[in-house]
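Order-wise, the sequence lines are chains A and B.
Every letter in the first sequence is one number past the one before it in our numbering, and letter 34, counting from 1, is 60.
Every letter in the second sequence is one number past the one before it in our numbering, and letter 82, counting from 1, is 84.
Each residue gets a CB set at the ideal place from its N, CA and C atoms; glycine is no exception.
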Amino acid sequence: MSRRRGGGHAAAVPRSLAGDAWRDLRRSPLFVGSAAIILVLVAMAAVPGLFTNADPRACDLAYSRQPPSGDAWFGYDLQGCDMYARTIYGARASILVGVLTTVVIAVVGSVVGMFAGYHGGRVDALLSRFTDMFFAVPMLLGAIIVLATFPSTIDTPSWQTIGKVVLALGVLGWTTVARLMRSTVIQVKQSDYVQAARGLGAGSRRVLLRHVLPNAVAPVVVYSTIILGVFVVLEATLSFLGIGLQAPVISWGIAISDARAYIRQSPHMLLFPGAFLSVTVLAFIMLGDAVRDAFDPRLR
Amino acid sequence: MGRYVVQRLGQMVPVVIGTTFLIYALVWALPGDPFAARCGDRPCPQNYVDRMTAEYNLDDPLPIAYLQYMGKLLTGDFGQTFSGASIAAELAQRYPITLQLTLLAILVEVVIGVAAGVLAGIRRGGFVDNLVLVSTLVVVSIPVFVLGLLAQVTFGVRLGWFPVTSDGSLYSLVLPAVVLGSLSLAFVARLVRANLVENLRTDYVRTAIAKGLPRQRVIGVHTLRNSLIPVVTFVGADFGGLLGGAVVVEGIFNIPGVGNMIFRGINAHEGATVTAAVTVLVLVFMIVNLLVDLLYAVLDPRIRHV
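Shown next as structure tokens:
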């Protein structure tokens, strides 16, 4: 994989970094495997009805904590809800929080990092110190502070509950993106094509958006893919602690938290949501590894 | 070295001020009723609101209120729990336990992680290498709270090797420490492996082999020493994650440390207790990071002179 093949062909059709990376990615078994898992998970999150006919909110206390059987593959939880349906429907919250938080930190971090790196001088010093401030707070602890201050209750609408978790993680998560973006923008802005664009009379806005950004975005893409899995874990952890997502929202973290008191008698309550959570995280970690290999040939 | 220490301390002051201000503003100054979530499932009694307003100077403008709060933090006054007990006294009692747990976790992650990394790195592509790569991937993808519950049921309840919950002895902290350190253990193993593989190709290692040093000495002394520097940085930066994990692990294993205080505070909806305890953890994390930076300068002479 280390040497570029078919050089003559490449000369005929110039390829971008993204095009190159895409070519490598399609051949990586790591990428194909993790992308397949993620596609299934996304389908689960978007149309859970494809995977199950059972209603995750139709619960019968008579079935409380019954082990897996032919009727209910994953058994029943404490309230007598079908665990299979609840596990399928639980994908939505995890994927939603993971993706939304990643988008928030990628956008906020890129904007801050780009301004700091492009303008330099006093703006850079100020923004960098501002970033340090947020960087010093560990993410889980910081999210606990935010969510302990603005807790959700059972009456809070689902989108608000999810939004709070996204914001709590996003407030502290953007710092690494900002640092990455700042350092790559500082490198890129000295290159000849940026000087040329400026010489031709392009304004700051055009130089930034058309010339600097496309060439500085790769490390942020790589970091975002890797961090997505971390956000899924953090959401589940916060929900497990009882401070993240709350009852009307169906989430793996909440299911595992409910299982805590009954793991001896009903291990299925822990195993199924735990396994789905772990596979999701694993898929995003592997995707991150594959994307990093494709975008950053030096690391091979 | 002296200049470096002073410089680092100087850089840390604005960050500490900024971060504590950030936390204070998040807790007390964002729009909305700050007392909406402080007293469990019912609205706060008026005398509690009055007491907290006086204690946190909520009637003053934000900068002044923050300065007064900082003054209290510096004199070791962290406020009171909902029931009126001093948070500082409770923290003083609980902190040694959390410290024991996190130090034990660091010991586990460094000793096992470095050993696994070295075994994997010296025979690249071999059986041990693949075993380490796959097992670290599995460990990384299982969240700490799932791992904690699984370990508690398997090793505590089924096999009976370890106490199910903490009984105050150091032995009862071993299983929680392994769980807490497992995620970082995987990262340490991969970090050591990658660095070892890279360093084994360097000129000074070739020289050491060429002059006839035994293999053990080449790897154990020459290569490993240089491969360990990134591990020190990682352990320092990861300490914050470890403190967050301590909240989960202490909750699961019922260890009476600071994390458990936060865990219980969350369940009882005592926002003030939670935020005060978390603030202390964040401050500890910042101090540890400063110490790691200084240690780093001791290990790598190039840094001192920059």
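According to DSSP, residues forming a beta bridge with residue i
{"i": "S88 of chain B", "result": "B:Q82"}
{"i": "Y102 of chain A", "result": "A:D108"}
Same chain only: Cβ atoms within 8 Å of residue i, ignoring 5 sequence neighbours per side
{"i": "T179 of chain A", "result": "Q272"}
{"i": "A153 of chain B", "result": "L177, V180, V181"}
{"i": "L76 of chain B", "result": "none"}
{"i": "P232 of chain B", "result": "L193, N197"}
{"i": "V17 of chain B", "result": "M288"}
{"i": "G243 of chain B", "result": "L185, S186"}
Cutoff 7 Å; reference residue i; Cβ partners in own chain excluding five residues on either side
{"i": "R126 of chain B", "result": "V199"}
{"i": "L195 of chain A", "result": "T127, M165, A169, F257, L260"}
{"i": "L149 of chain B", "result": "V181, S184"}
{"i": "V280 of chain B", "result": "I264"}
{"i": "V290 of chain B", "result": "G238, F241"}
{"i": "I121 of chain A", "result": "L67, V68, A71"}
{"i": "V163 of chain A", "result": "L198"}
{"i": "T225 of chain B", "result": "L198, N201, L202, V207"}
Assigned secondary structure, residue i (DSSP; H/G/I helix, E/B strand, else coil)
{"i": "H224 of chain B", "result": "helix"}
{"i": "S168 of chain B", "result": "coil"}
{"i": "R29 of chain A", "result": "Confidence at R29 of chain A is low in this model, with a pLDDT of 46, below 50, so the placement of that residue should be treated as unreliable; the coordinate-derived value is given next. The answer is coil: DSSP assigns R29 of chain A none of H, G, I, E or B."}
{"i": "K213 of chain B", "result": "coil"}
{"i": "S174 of chain B", "result": "helix"}
{"i": "F161 of chain A", "result": "helix"}
{"i": "L226 of chain A", "result": "coil"}
{"i": "S186 of chain B", "result": "helix"}
{"i": "F77 of chain A", "result": "coil"}
{"i": "S90 of chain A", "result": "coil"}
{"i": "E272 of chain B", "result": "coil"}
{"i": "P145 of chain B", "result": "coil"}
{"i": "A281 of chain A", "result": "helix"}
{"i": "R126 of chain B", "result": "coil"}
{"i": "W200 of chain A", "result": "coil"}
{"i": "A299 of chain B", "result": "helix"}
{"i": "A44 of chain A", "result": "helix"}
{"i": "T22 of chain B", "result": "helix"}
{"i": "L202 of chain B", "result": "coil"}
{"i": "W163 of chain B", "result": "coil"}
{"i": "L106 of chain B", "result": "helix"}
{"i": "L271 of chain A", "result": "coil"}
{"i": "K215 of chain A", "result": "coil"}
{"i": "A84 of chain A", "result": "coil"}
Rounded separation between residue i and residue j - CA only
{"i": "P245 of chain A", "j": "R236 of chain A", "result": "17 Å"}
{"i": "W48 of chain A", "j": "L239 of chain A", "result": "19 Å"}
{"i": "S60 of chain A", "j": "V15 of chain B", "result": "44 Å"}
{"i": "Y68 of chain B", "j": "P183 of chain A", "result": "33 Å"}
{"i": "G225 of chain A", "j": "L43 of chain A", "result": "25 Å"}
{"i": "Y50 of chain B", "j": "T175 of chain A", "result": "16 Å"}
{"i": "F321 of chain A", "j": "V294 of chain B", "result": "32 Å"}
{"i": "V282 of chain B", "j": "R227 of chain B", "result": "34 Å"}
{"i": "G227 of chain A", "j": "V149 of chain A", "result": "23 Å"}
{"i": "I114 of chain B", "j": "L161 of chain B", "result": "23 Å"}
{"i": "G106 of chain A", "j": "A88 of chain A", "result": "7 Å"}
{"i": "S277 of chain A", "j": "G229 of chain A", "result": "48 Å"}
{"i": "A210 of chain B", "j": "N201 of chain B", "result": "12 Å"}
{"i": "L175 of chain B", "j": "G75 of chain A", "result": "45 Å"}
{"i": "G78 of chain B", "j": "L65 of chain A", "result": "52 Å"}
{"i": "I289 of chain A", "j": "F129 of chain B", "result": "35 Å"}
{"i": "L206 of chain A", "j": "F161 of chain A", "result": "13 Å"}
{"i": "L152 of chain A", "j": "K74 of chain B", "result": "28 Å"}
{"i": "R118 of chain A", "j": "I282 of chain A", "result": "16 Å"}
{"i": "M27 of chain A", "j": "T21 of chain B", "result": "Its pLDDT being 41, under 50, M27 of chain A is placed unreliably by the model, and nothing is read from it."}
{"i": "V214 of chain A", "j": "A222 of chain A", "result": "13 Å"}
{"i": "I124 of chain B", "j": "L133 of chain B", "result": "14 Å"}
Contact set for residue i: own chain, Cβ-Cβ below 6 Å, skip 5 residues either direction
{"i": "V141 of chain B", "result": "S184, A188"}
{"i": "W200 of chain A", "result": "I131, V134, G135"}
{"i": "G143 of chain A", "result": "R208, V211, I212"}
{"i": "G314 of chain A", "result": "T251, I252"}
{"i": "G147 of chain A", "result": "none"}
{"i": "G158 of chain B", "result": "F164, V166"}
{"i": "G116 of chain A", "result": "I276, S277, W278"}
heavy atom of the ligand MG below 6 Å from residue i C-beta
{"i": "R217 of chain B", "result": "This structure does not include the ligand MG; it has no bound ligands of any sort."}
Stretch pair the region 183-197 of chain A + the region 257-276 of chain A: three plus CB contacts closer than 8 Å:
Yes, the region 183-197 of chain A is in contact with the region 257-276 of chain A.
Whether or not the region 116-129 of chain A and the region 216-224 of chain A are in contact is what I'm after, with contact meaning three or more pairs of Cβ atoms, one per stretch, closer than 8 Å; do they touch?
Not touching, per the Cβ criterion.
Are three or more beta carbon pairs between the region 247-257 of chain B and the region 160-173 of chain B nearer than 8 Å?
Segments in contact, yes.
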